[in-house]
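Structure, as structure tokens:
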Amino acid sequence: MNSEKLSKRLEVVVSFIPQGSRIADIGSDHAYLPCYAVDKGIAVSGVAGEVAEGPYQSAVKQVKYSQLEDSISVRKGDGLQVIQPHETDCITIAGMGGALIASILENGKSKLEGVSRLVLQPNVGASSIRKWLLKNGWELKAEQILEEDDKIYEVLAADKGNPEEPYTEADRDSELLLGPFLMKENSSVFKRKWKHELKQWKTIIDKMEAAEDSPQLRERRAGIQKKIEIVEEVLDENR
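With this note's numbering, letter number 62 in the sequence shown gets 1160, and the count goes up by one each step, no holes.
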């Protein structure tokens, strides 16, 4: 198979898959990730799940082209509906919003039996995933932030364990928003991401100031203002 088709962001996702895993890639698109992982001997088998017909057909073609039909099953269905409990031990979900990834995990909780690792790559809203992991007994084990094609991505890896482990009582809100491991690493990409977010939030606040006041607007403004304060404090501390 042509492994060059894997993007830098998906290579990072694959790097968190434990050796010898039976993986399920949810929202697999062209099934590049499971094909790569099985082809490289990282995963022993894979399920490529897709809800839309077009990407499902693309995944079927890619698995056939890669001559991996015996190792990878392509299935059409919504979220974790495509797998059975104990069928896989590692689930990957990449390229969606954090809130959507969290809802897929929530709606498919019964299918997570036997799964020991989650590797999740939200395009936005990673905090929604961290909150879900914390509530549902998953311990965030590692995070990586990267830039590709002028976009910044976060990759989160979690195992069944003590969900409180990576967090501190004093900095819980900051760590949920920015990521406990990413805060410690404090990379240039991390700083760039949050400076950009700050700029966007402040623009939104300015527009809200000009809008007609309402209880909903005040609540939303307070939520954004809290995030601005958290990020400014962290960036100031890490200068």
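We put the CB at the ideal spot given by N, CA and C, even for glycine.
Check, Outcome
"Residue range of the unbroken beta strand (DSSP E) whose run includes Val1305", "The residue you asked about is not Val; residue 1305 is Lys in the sequence shown. Note, Lys1305: premise wrong, no beta strand (DSSP E); alpha helix (DSSP H) at Ser1286 to Ala1308."
"Burial state of Ala1308, where buried means 16 or more other Cβ atoms lie within 10 Å", "exposed"
"As assigned by DSSP and simplified to three states, the class of Ile1217", "According to the sequence displayed, residue 1217 carries Val and not Ile. Residue state, collapsed to three classes: strand."
"Lys1324, buried or exposed, once every other Cβ within 10 Å from all chains shown has been counted against 16", "exposed"
"Proximity winner among Leu1198, Arg1173 and Gly1144, relative to Asp1187 (alpha-carbon distances)", "Gly1144"
"Other residues of its chain near Ile1202: CB distance less than 6 Å, five sequence neighbours each side excluded", "Gly1177"
"Nearest to Gln1182 (by Cα), restricted to the options Val1112, Glu1330 and Leu1210", "Leu1210"
"Residue range of the unbroken beta strand (DSSP E) whose run includes Leu1232", "Run containing Leu1232: none in the beta strand (DSSP E); it sits in the alpha helix (DSSP H), Ala1224 to Lys1233."
"Separation of Pro1278 from Ala1122, as counted between CA atoms", "26 Å"
"Nonlocal neighbours in the same chain, by C-beta distance under 8 Å from Ser1285, ignoring five residues either side", "Ile1243"
"For Glu1327, the three-state DSSP class (helix, strand or coil)", "helix"
"Coil, strand or helix - Ser1201 by DSSP", "helix"
"Identity of the residues DSSP links to Leu1333 by a beta bridge", "In the DSSP output, where bridge partners are listed per residue, Leu1333 has none listed."
"Alpha-carbon to alpha-carbon, Arg1228 and Glu1258", "The question names Glu, yet the displayed sequence has Lys at residue 1258. Those two C-alpha atoms are separated by around 13 Å."
"Sub-8 Å separation of Gly1147 and Arg1173 beta-carbons", "yes"
"Secondary structure of Ser1272, DSSP reduced to three states", "helix"
"Beta-carbon proximity check, Ala1255 vs Ala1240, cutoff 8 Å", "yes"
"First and last residue of the uninterrupted beta strand (DSSP E) at Ser1113", "Unbroken run through Ser1113 is the alpha helix (DSSP H), Lys1106 to Ser1113; no beta strand (DSSP E)."
"Same chain, Cβ closer than 6 Å to Val1158, neighbours up to 5 away in sequence not counted", "Val1172"
"Same chain, Cβ closer than 8 Å to Ser1126, five either side skipped, listed in chain order", "Pro1132, Ala1146, Gly1147, Glu1148, Pro1153, Ala1157 and Val1172"
"Exposure label - Ala1320; buried when at least 16 CB within 10 Å", "exposed"
"Three-state secondary structure (DSSP) of Tyr1265", "coil"
"Paired residues, beta bridge with Glu1246 - DSSP", "Lys1249"
"8 Å contact criterion, which Val1213 and Ile1189 should meet: CB distance rounded", "6 Å"
"Member of Gln1219, Val1136, Glu1263 and Val1180 whose CA lies at the smallest distance from the CA of Met1194", "Gln1219"
"Glu1204 versus Trp1230: straight-line alpha-carbon distance, rounded", "8 Å"
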